[in-house]
Each structure stands twice: as structure tokens, then as C-alpha cells.
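The number in our numbering is simply the position in the sequence shown, starting from 1, with 7 added. The beta carbon of each residue, even a glycine, is placed where N, CA and C say it ideally should be.
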Amino acid sequence: MKKVLFTAKVDSHILNFHIPYLKWFKDQGYEVHVASNGENDIPYTDFKYNLKFDRNPLKPSNFKAYLELKKMIDDNNYEVIHCHTPIGGALTRWAARGARKKGTKVMYTAHGFHFYEGASKFNWLVYYNVEKFLSKYTDCLITINEEDFNAAKERNFKAKSLKFVKGVGINLNKFVPQTLEKKRALREEYGYKEDDFIMVYAAELSYRKHHDLLINAINLIKDKTPNLKLLCAGLGALEEEYKDLTNKLNVGDNIKFLGYRKDINNLMTLADVAVSSARQEGLPVNIMEAMATGLPIIVTDCRGNRDLIENGKNGIVVGIDDVQGFAKAIEKMYNDKDFREKVSNFNLESVIQYSLEDISKEMASIYNEVIGK
């Protein structure tokens, strides 16, 4: 039986983004293998390997994971390997060098290169050189935003094929246009008032997602927007730091940390605005989900965000560290209902191109091309 292997640093990455593609391979008659850090049951998977990948490339656990991965690849004669995330992508491509010589096709999706406009010198020195070096062991390199695609193309990455796909696809049956009736019902169910002005940010609590920008921006306008609420859905290493800052600035009535949530669609539906204060993104799923719900959106001007949001057209774009600019953007959304309605309508129209249905068809075409059908 033909075999395919998907790899990523953690189970959640596979569960959140790649189940439709595991199903596609299963439907084509493949035995599906997944290797990632975790012990979750993953749908459409015949064999799940728990490899202790760590985000820090210098951790000893990565060397052990590499040895296990190499043995697994050498023993299984995979027809296709599709790897994801920087550490999963790097270790997998290095481990699959011998398999490629025997005909295995190796694909890598870059969900946002760690080198980008504005990134640190360290990131350019390490991640850029590693990604460029490993590109020659890649049969198909998939990028999900224009900046990454252009970087790989202009810097002469050696992958046999370079593709630009607009993300992993959004389920437009789950994230549906907001209705006033549903919005009111969910607010009552979740304990929010009808006149609350609710913003939602679905993101891990990390340096990269930059919640301190939002906290400081809200602090500037809290007296002018007493019914403003920011719902932060997610966990992360900086949770206590962000909570401490919230308490220090006395904005606890305005900012709620909700932890890990499986009801993001409901949180979007009861909200007035979606926000992203990220320092970098690939192509942010949370923003596409907000677009599908019909929310107006405020984002920082980083790669990925600016692929989706055009300032003044379907949202507001502000500088990555511009606290006052973000505060003014919130005030604009808070006070200008006509503007909110205009950008909402544009988002509902423009999100169609990111639908799971369309992206799945594009990925099926790429898989068939790589396989040689």
C-alpha cells in the first residue's frame, strides 16, 4: 500500500490545519502516518508517532527525534512526505535525504518564514540560511503569503517547485456571517450586555502575538470607552506577564483572558470587531475566520496581516509598535458604525477566495503534480 507521512512540531498543528489533507490521502488509498509531539488521536491516521520535537533547535530532544524520524522514514518507503513548522520541516527534510534518492517526494509548507522584513539579525543569520540550504532537499516548497513567496523566488531557493497557496483554507460552514439575532442570543448566553463593544483576539499569549500593544492601547482610551471589552482566547508562555500588565494598568474590567477555547466561531459571532497585534504572521487563520463572520478588523502592519487587510477598505492597519495608532483605530471602530458596516461587507465578499473548498482543490492539484499523476 502507498504511504504518506505528515510531520509537524506538535499535534495541534496537524489537528488545526491538516485534517482535510489527511482525509484526501486516505481517500486516494494511502496509508497515512503522522509524526509530531503529542499523544492525541488524529482522524484519518493509521500510524501516529510521538516525536519530542522542541521549538529550540539546540534541545537534545531534537537529536533523538531526528534519529527516530530517520529510522521511520528509512523503514517505511513513503511515496510522499509533507512536513510543516520550522523544526519539523528542517529535521524531516534532513532525515529524508536518502529516501529522496529512492523516489520519495518531499514537500514543505512554510507557514511564515522566521526571516522577514523587520526580523532580527539572528533570525536572518540562522533561519534564512537553514531554510535556503534545506530547500535543495525539497521537491515542492509551498508558501502562504506574498512576502515569503517572493523571498524564496528572488533569493534563488533550490526547491524543485515553488508554490503560493493562500493559506490552509477556512471552513465557511463553521464560520458564517453574523446575524443580529444570533449575536444577541450568544451575548445573553455568555453573559455580555447588548451595549458592550466587544473585540476578540484568538491567539497564543506570546511575544510574537504582542498582546501588550492591545493592553496599552486600551489603557489610553478606557475612560472614553467604558463598555469596551477585549476577549483574549488562547494560552501561552506570557499569560502571567500579560495578566500582570492588565492589573497594573487597571484595565481588568476591559480585558478578559479566556484560555484555550473551542468555540471561536461563537466568540466571533458575539463580537463587534476582531483584532491582531502580531509582530509576524504566516497567513493568519484567526483573521480569515473573522472575515468570514463579517467582522471589521484592526491589525498590525506585519507580513500575513497585510496580505488580508487593506487599510480603510476591509479594516484598519497600524504600525507594529504604534500604541496610539491602535488606540485611535479602536476609537474609529467604536464611534463609526457606518465604517464598520462598510468593511464588514467587503470582508464577507473577499474571504471566499480563502475557502477550504477552494484551497483543498488547489492542494489536491499540487499533490497530484508532485506524485506525478
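Considering only the beta carbon of each residue, do residue i and residue j sit closer than 8 Å?
i: Ala371; j: Trp31; result: yes
i: Gly174; j: Ile366; result: yes
i: Leu98; j: Asn136; result: no
i: Ser213; j: Leu245; result: yes
i: Lys190; j: Thr276; result: yes
i: Leu29; j: Tyr51; result: yes
i: Ala106; j: Asp81; result: yes
i: Ala240; j: Val207; result: yes
i: Asn272; j: Ile225; result: no
i: Asn84; j: Lys10; result: yes
i: Lys339; j: Phe346; result: yes
i: Phe140; j: Trp131; result: no
i: Val280; j: Leu302; result: yes
i: Thr145; j: His91; result: no
i: Ile177; j: Glu296; result: yes
i: Asn321; j: Ile304; result: yes
i: Thr187; j: Leu238; result: Correcting the residue type first, residue 187 is Leu in the shown sequence and not Thr. No, the Cβ-Cβ distance between Leu187 and Leu238 is not below 8 Å.
i: Leu74; j: Ala117; result: no
i: Ala336; j: Thr307; result: no
i: Asp36; j: Gly311; result: Here residue 36 is Gly; the residue named in the question, Asp, does not match the sequence. It is not a contact, given that the beta carbons lie outside the stated cut-off.
i: Phe24; j: His40; result: no
i: Val330; j: Asn223; result: yes
i: Glu154; j: Glu124; result: yes
i: Leu22; j: Asn47; result: yes
i: Leu242; j: Glu211; result: yes
i: Ala102; j: Lys77; result: yes
i: Phe169; j: Ala159; result: Residue identity check: residue 169 is Leu in the sequence provided, not Phe. Yes.
Give me whichever residues DSSP pairs with residue i in a beta bridge.
i: Ala117; result: Thr150
i: Ile177; result: Ser362
i: Lys139; result: None, per the DSSP bridge assignment.
i: Met79; result: In DSSP, Met79 forms no bridge with anything.
i: Glu38; result: Lys10
i: Met370; result: Bridge partners of Met370: none, in fact.
i: Phe171; result: Thr150
i: Lys16; result: Per DSSP, none; premise fails for Lys16.
i: Phe204; result: Leu235
i: Val87; result: Val11, Lys112
i: Asn57; result: Ser43
i: Ile209; result: The sequence as given places Ala at residue 209; Ile does not occur at that position. The partner list for Ala209 (beta bridge, DSSP) reads Ala240.
Applying the 10 Å Cβ sphere with the 16-neighbour rule, what's the burial state of residue i?
i: Phe204; result: buried
i: Leu220; result: buried
i: Val378; result: Per the sequence shown, residue 378 should be read as Ile rather than Val. Exposed: under 16 other Cβ atoms inside 10 Å.
i: Pro93; result: buried
i: Met8; result: exposed
i: Ala72; result: buried
i: Gln185; result: buried
i: Lys16; result: buried
i: Tyr267; result: exposed
i: Ser362; result: buried
i: Glu376; result: exposed
i: Glu138; result: buried
i: Leu235; result: buried
i: Glu86; result: buried
i: Phe164; result: buried
i: Gly319; result: exposed
i: Gly198; result: exposed
i: Phe3; result: Past the boundaries of the shown model lies residue 3; the chain is included only from 8 to 380, so the question cannot be answered.
i: Ser351; result: buried
i: Lys216; result: buried
i: Asn342; result: exposed
i: Ala192; result: exposed
i: Arg162; result: exposed
* Asked: Given 8 Å as the limit, is there contact between the stretch 50–60 and the stretch 104–113, that is, 3 or more CB pairs closer than that?
  -> Counting Cβ pairs under 8 Å, fewer than three are found: no touch.
* Would you check if there are 3 or more beta carbon pairs closer than 8 Å linking the stretch 222–231 to the stretch 257–264? => Contact between the stretch 222–231 and the stretch 257–264 is present, because at least three Cβ pairs lie under 8 Å.
* Asked: Residue ranges of each beta strand (DSSP E) run of no fewer than 3 residues wholly in the stretch 314–343, ordered along the chain?
  -> Runs found: 323–325.
* Asked: Just checking, does the stretch 289–297 make contact with the stretch 165–181 on the three C-beta pairs under 8 Å criterion?
  -> At 8 Å Cβ cutoff, the stretches touch.
* May I have a chain-ordered list of the alpha helix (DSSP H) segments no shorter than 4 residues that lie completely inside the stretch 212–276? => Counting only runs of 4 or more, we get 218–228, 246–255.
* To do: Please confirm if the stretch 311–329 is in contact with the stretch 350–364, defined as three or more CB-CB distances below 8 Å between the two stretches.
  => With the cut-off at 8 Å, the stretch 311–329 and the stretch 350–364 touch.
* Residue ranges of each beta strand (DSSP E) run of no fewer than 3 residues wholly in the stretch 272–311, ordered along the chain? -> Qualifying beta strand (DSSP E) stretches, in chain order: 280–283, 304–307.
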